[in-house]
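Asker: Chains A and B, in that order, are what the protein sequence lines are.
All the letters of the first sequence, read from the start, carry residue numbers 18 to 324 under the numbering used here.
All the letters of the second sequence, read from the start, carry residue numbers 37 to 95 under the numbering used here.
The structure follows.
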Amino acid sequence: MNAAWLLVHPDMAGVTIGTAFGVTTRYVMLRSDYRQYPAYPHGWIIHMALGLIAGALGAVAVPALLNKNYTAITFLAMAAQQFRDVRNMERNTLNALDDQELVRRGSAYIEGIAVVFEGRNYLSIFAAFLTSLVVSLAGWAAGVAAGLVCLAAVYRFRKGKTIADVARVEFAPVRVEGPNVLVGDVYMMNVGLDENRDIIAKQGMGFVLTPKNDDAKVTLANLGQRQAILHDVSTRLGVYRDDGEPALLPLAKLGLATGKLGLLFLPRELDPQKALRAVVSVPLLESAVRKPVEANRRAQEEAVRDG
Amino acid sequence: MVKIMAVVTTEKESVGGGAPLFYARDKEEMQELAHLLEKLLNAAAHQLNEHSFLIVYRG
Numbered sequence: 018m019n020a021a022w023l024l025v026h027p028d029m030a031g032v033t034i035g036t037a038f039g040v041t042t043r044y045v046m047l048r049s050d051y052r053q054y055p056a057y058p059h060g061w062i063i064h065m066a067l068g069l070i071a072g073a074l075g076a077v078a079v080p081a082l083l084n085k086n087y088t089a090i091t092f093l094a095m096a097a098q099q100f101r102d103v104r105n106m107e108r109n110t111l112n113a114l115d116d117q118e119l120v121r122r123g124s125a126y127i128e129g130i131a132v133v134f135e136g137r138n139y140l141s142i143f144a145a146f147l148t149s150l151v152v153s154l155a156g157w158a159a160g161v162a163a164g165l166v167c168l169a170a171v172y173r174f175r176k177g178k179t180i181a182d183v184a185r186v187e188f189a190p191v192r193v194e195g196p197n198v199l200v201g202d203v204y205m206m207n208v209g210l211d212e213n214r215d216i217i218a219k220q221g222m223g224f225v226l227t228p229k230n231d232d233a234k235v236t237l238a239n240l241g242q243r244q245a246i247l248h249d250v251s252t253r254l255g256v257y258r259d260d261g262e263p264a265l266l267p268l269a270k271l272g273l274a275t276g277k278l279g280l281l282f283l284p285r286e287l288d289p290q291k292a293l294r295a296v297v298s299v300p301l302l303e304s305a306v307r308k309p310v311e312a313n314r315r316a317q318e319e320a321v322r323d324g
Numbered sequence: 037m038v039k040i041m042a043v044v045t046t047e048k049e050s051v052g053g054g055a056p057l058f059y060a061r062d063k064e065e066m067q068e069l070a071h072l073l074e075k076l077l078n079a080a081a082h083q084l085n086e087h088s089f090l091i092v093y094r095g
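Given below as structure tokens:
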């Protein structure tokens, strides 16, 4: 059996090329997850194996349908069930690990990561299906081209929006005025002990996030999104705290009057530029994005139209 | 759930009620007591006014 054998068996060529592109798609998308998820080899193996299954399922569906074997489509339903379990698996693992984090990810961030893992498997299926379809209809060369287009599209869109898209991030001085700690003009908390005030004055780093529009205000106010920012920045810069020190917790507080978000960190590494880059590149959680402005405008327009 | 675990004060007459009360002779002792209670109770010390600290647990 060699490459020439594949060319005279178009079904097999479709399945092989489709599967290959399905797996490659999964591989490309797995790489960007390292920041969000520990890159241990066994987790990687699990996801590559599932990517292979996803690719194979997508690729096999095409010849099955072309041979009028419509029951084969039920296989895809089984696949969907399988990948929903992937989401459960990721959620359970991350939830279990979250108790051991000094600064938690929070359930919204975990849910976001789990959804991404499930969604990316479907993208693999889709890429494999499309490639296999084009191979079956127009030959292997066109199929490879279609696969490459899929890969390029996935590569281009694998990164979602970040905080930089919804807010202007600025440094703000951390002020300790008696027991009150403020970042810029946002009140953060009351700290009783002198030693904790000294630590905050020395190690504290403050940012103020100004929402770019009214939709962004809602997103920044979301508790899950705030926790995600705190977790990501604490992961990248280290955190100056230990278990059993609730007074030294990184905090995010809303300036109620302005809708600005004040952030107080206690990083190990006091590098303002790195911290700024970390805040700006925190992913925007799907569950935190709302579009109230558009909905309100539409409701208003309807009200005007209906008199 | 926020729970007041203890109150540390230098002014006996300004506090009372259900939480355990700790009296300190001066501000220094108040800081020291609040520090110990913070570590022991896994809670945060907040300053209520010049004379009193609340030890608060957020579970």
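Backbone N, C-alpha and C fix where the C-beta goes; we use that ideal spot for every residue, glycine too.
Quick caveat, the model's predicted, so the values are computed rather than measured.
Gly72/A and Thr36/A: beta carbons closer than 8 Å?
Answerer: Here residue 72/A refers to the residue found at position 55 of the first sequence. Here residue 36/A refers to the residue found at position 19 of the first sequence. Contact: yes.
Asker: What does Ala55/B touch in chain A if you count any residue whose Cβ is under 9 Å from its own?
Answerer: The residue given as residue 55/B occupies position 19 in the second sequence. Correct list: empty, because the minimum Cβ distance to chain A is about 15 Å.
Asker: Starting from the beta carbon of His87/B, find every residue of chain A whose beta carbon is closer than 8 Å, and list them in chain order.
Answerer: Mapped onto the second sequence, residue 87/B falls at position 51. Residues of chain A passing the Cβ test: none, with the nearest at roughly 12 Å.
Asker: What residues of chain A sit near Ala81/B, judged by a beta carbon separation below 7 Å?
Answerer: Numbered from its first residue, the second sequence carries residue 81/B at position 45. Per Cβ cutoff of 7 Å: Gly209, Leu210, Ala264.
Asker: Using a Cβ-Cβ cut-off of 8 Å, state whether Gly221/A counts as contacting chain B.
Answerer: Your numbering for residue 221/A matches position 204 in the first sequence. Not closer than 8 Å to any Cβ of chain B, the Cβ of Gly221/A fails to qualify, so no.
Asker: Whole angstroms is fine: what's the gap from Tyr204/A's alpha carbon to Lys270/A's?
Answerer: As a first step, residue 204/A must be located in the first sequence, where it is residue number 187. As a first step, residue 270/A must be located in the first sequence, where it is residue number 253. Rounded to whole angstroms, Tyr204/A to Lys270/A spans 7 Å at the Cα level.
Asker: Using a Cβ cut-off of 8 Å, pull out every chain B residue sitting near Gly261/A, in sequence order please.
Answerer: Residue 261/A sits at position 244 when you count from the first residue of the first sequence. By Cβ distance, chain B contributes Lys75, Asn78.
Asker: Name the DSSP beta bridge partners of Val44/B, please?
Answerer: As a working mapping, residue 44/B is identified with position 8 in the second sequence. BP columns for Val44/B point to Phe58/B, Phe89/B.
Asker: Can you list the alpha helix (DSSP H) stretches of 4 or more residues lying completely in the region 146 to 205 of chain A, in chain order?
Answerer: 157 to 174, 180 to 183
Asker: Is the Cβ of Pro267/A closer than 8 Å to any Cβ of chain D?
Answerer: In the structure shown, chain D does not exist; the protein chains are A and B.
Asker: Under the rule that 16 or more other beta-carbon atoms within 10 Å means buried, what is Gly95/B, buried or exposed?
Answerer: For this step, residue 95/B is matched to residue 59 along the second sequence. Gly95/B is classed as exposed because its beta carbon has fewer than 16 other beta carbons within 10 Å across all chains shown.
Asker: Under 8 Å, CB to CB, which of the residues in the region 182 to 201 of chain A have a partner in chain B?
Answerer: Result list: Gly195, Pro196.
Asker: Using DSSP bridges, identify the partner residues of Arg94/B.
Answerer: What you label residue 94/B is simply residue 58 of the second sequence in a count that begins at 1. Paired residues: Val38/B.
Asker: Does the CB of Ala42/B have a neighbour CB from chain A at under 8 Å?
Answerer: On the second sequence, residue 42/B is found 6 positions in, with the first residue counted as 1. Answer no: the Cβ-Cβ gap between Ala42/B and chain A never drops below 8 Å.
Asker: For chain A, is any of its Cβ atoms less than 8 Å away from the one on Arg94/B?
Answerer: Your numbering for residue 94/B matches position 58 in the second sequence. Chain A contact via Cβ: present.
Asker: On a Cα-Cα basis, can you pick out the residue from Val297/A, Lys85/A, Glu212/A, Tyr139/A that is closest to Leu247/A?
Answerer: The count along the first sequence starts at 1 and reaches residue 247/A at position 230. Ranking Val297/A, Lys85/A, Glu212/A, Tyr139/A by Cα distance to Leu247/A puts Val297/A first.
Asker: Which residues bound the beta strand (DSSP E) around Val36/A?
Answerer: In the first sequence, counting from the first residue as 1, residue 36/A sits at position 19. Reading off the sequence shown, one finds Thr at residue 36/A, where the question assumed Val. Unbroken run through Thr36/A is the alpha helix (DSSP H), 27 to 48; no beta strand (DSSP E).
Asker: Whose Cβ in chain A lies nearer than 8 Å to the Cβ of Ala70/B?
Answerer: Along the second sequence, one-based indexing puts residue 70/B at 34. Under the 8 Å cutoff, chain A gives Gly209, Leu210.
Asker: What residue range does the alpha helix (DSSP H) around Thr88/A cover?
Answerer: Here residue 88/A corresponds to residue number 71 of the first sequence, with the count starting at 1. Per DSSP, Thr88/A belongs to no alpha helix (DSSP H) and is neither H nor E.
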